[in-house]
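Novice: Residue numbers (the numbering used here), protein chains in the order written: chain A, 42 to 153; chain B, 6 to 119.
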Amino acid sequence: DVVLTQTPPTLLATIGQSVSISCRSSQSLLHSNGNTYLNWLLQRTGQSPQPLIYLVSKLESGVPNRFSGSGSGTDFTLKISGVEAEDLGVYYCMQFTHYPHTFGAGTKLELK
Amino acid sequence: QVQLQQSGAELAKPGSSVKISCKASGYTFTSYYISWIKQTTGQGLEYIGYINTGSGGTNYNEKFKGKATLTVDKSSSTAFMQLSSLTPDDSAVYYCARGPFDYWGQGVMVTVSS
Chain A
42 DVVLTQTPPT LLATIGQSVS ISCRSSQSLL HSNGNTYLNW LLQRTGQSPQ
92 PLIYLVSKLE SGVPNRFSGS GSGTDFTLKI SGVEAEDLGV YYCMQFTHYP
142 HTFGAGTKLE LK
Chain B
6 QVQLQQSGAE LAKPGSSVKI SCKASGYTFT SYYISWIKQT TGQGLEYIGY
56 INTGSGGTNY NEKFKGKATL TVDKSSSTAF MQLSSLTPDD SAVYYCARGP
106 FDYWGQGVMV TVSS
């Protein structure tokens, strides 16, 4: 199975600070069809995961543009440009290029 | 609007089975697969498998073969997952999600205890 390694496991930030989360894959996530199926999700406390970014860098509808995704192959990054209180929670990367689909262990974003 | 409404929490005894549901609304049900995901504190998020809501065809993560059985009722736009031979390790929150993981259900907590 593809292993997704997220760093850091915990991220302390102040409101307005910009932060980045890394997701590294044990295999390239480039599909034979040319797409890279790497998504980012946010799970707030007590809620189900909600999608933020799909296909590495495309924002889901309604997601603020302070969120951005980048990367290719095996290295991917989620950046939040100016953390807001509503951004707190656990961030997961997930891939569905390879089967079974897999998830990173999560990065918990907390207030400093 | 798109919604995936899951059934309520389950308390089950070891060795028994549970069947949880995921009712879709706000889109053409058969246009998207439904996936199922397990979440525990220890193991995080694990992918169980998916069902083709049009054909009923399924694809399971090897780890969950024999544990989970996915079915669908197109007439009610509902996907189901049955978990059998339950053990305490099956205690978790189970989510359904639409095709490209763009919509998720609210989750069902399954607790296995004698």
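No residue lacks a Cβ here, since even glycine has one placed at the ideal position from N, Cα and C.
Here the structure is a predicted model, which is why all the values come from computation and not from measurement.
Does the Cβ-Cβ distance between threonine 138 of chain A and leucine 45 of chain A come in under 9 Å?
Specialist: no
Novice: Is the shortest distance between the beta-carbon of leucine 82 of chain A and the beta-carbons of chain B less than 9 Å?
Specialist: By the rule that beta-carbons nearer than 9 Å mark a contact, leucine 82 of chain A touches chain B.
Novice: Using only CA atoms, which one of B:Ser119, B:Tyr108, B:Lys18, B:Thr116 lies nearest to serine 40 of chain B?
Specialist: B:Tyr108
Novice: Kindly indicate if chain A contains any beta-carbon less than 9 Å away from that of leucine 75 of chain B.
Specialist: no
Novice: Would the beta-carbon of glycine 112 of chain B fall within 9 Å of that of tyrosine 38 of chain B?
Specialist: no
Novice: Quick one: is histidine 72 of chain A near chain B, going by C-beta distance under 9 Å?
Specialist: Closer than 9 Å: no.
Novice: Just confirm the distance between the C-beta atoms of arginine 107 of chain A and serine 89 of chain A, as a whole number of angstroms; I'd bet it's less than 8 Å.
Specialist: About 22 Å; that fails the 8 Å criterion.
Novice: Tell me the DSSP bridge mates of threonine 51 of chain A?
Specialist: DSSP, once it has assigned bridges, lists A:Lys149 as partnering threonine 51 of chain A.
Novice: Taking 9 Å as the threshold (C-beta atoms), are phenylalanine 117 of chain A and valine 131 of chain A in contact?
Specialist: no
Novice: State the DSSP-derived secondary structure class of threonine 77 of chain A, mapped to helix, strand or coil.
Specialist: strand
Novice: Return the chain-ordered list of same chain residues with a C-beta closer than 7 Å to the C-beta of serine 67 of chain A, the five sequence neighbours on each side being excluded.
Specialist: Val43, Val44
Novice: Measuring only between beta-carbons, confirm whether asparagine 66 of chain B sits less than 9 Å from chain A.
Specialist: yes
Novice: So which residues on chain A does leucine 88 of chain B lean against when the C-beta distance must stay under 8 Å?
Specialist: The premise fails here: leucine 88 of chain B is roughly 17 Å from chain A at the closest Cβ pair, so nothing lies under 8 Å.
Novice: Could you list the residues in the stretch 48-60 of chain B with a C-beta less than 9 Å from some C-beta on chain A, going in chain order?
Specialist: Contact residues of the stretch 48-60 of chain B toward chain A are Gly49, Leu50, Glu51, Tyr52, Ile53, Gly54, Tyr55 (C-beta to C-beta distance below 9 Å).
Novice: Taking Cβ positions, are serine 89 of chain B and leucine 16 of chain B nearer each other than 9 Å?
Specialist: Annotated as distal: serine 89 of chain B and leucine 16 of chain B, with beta-carbon spacing of 9 Å or more.
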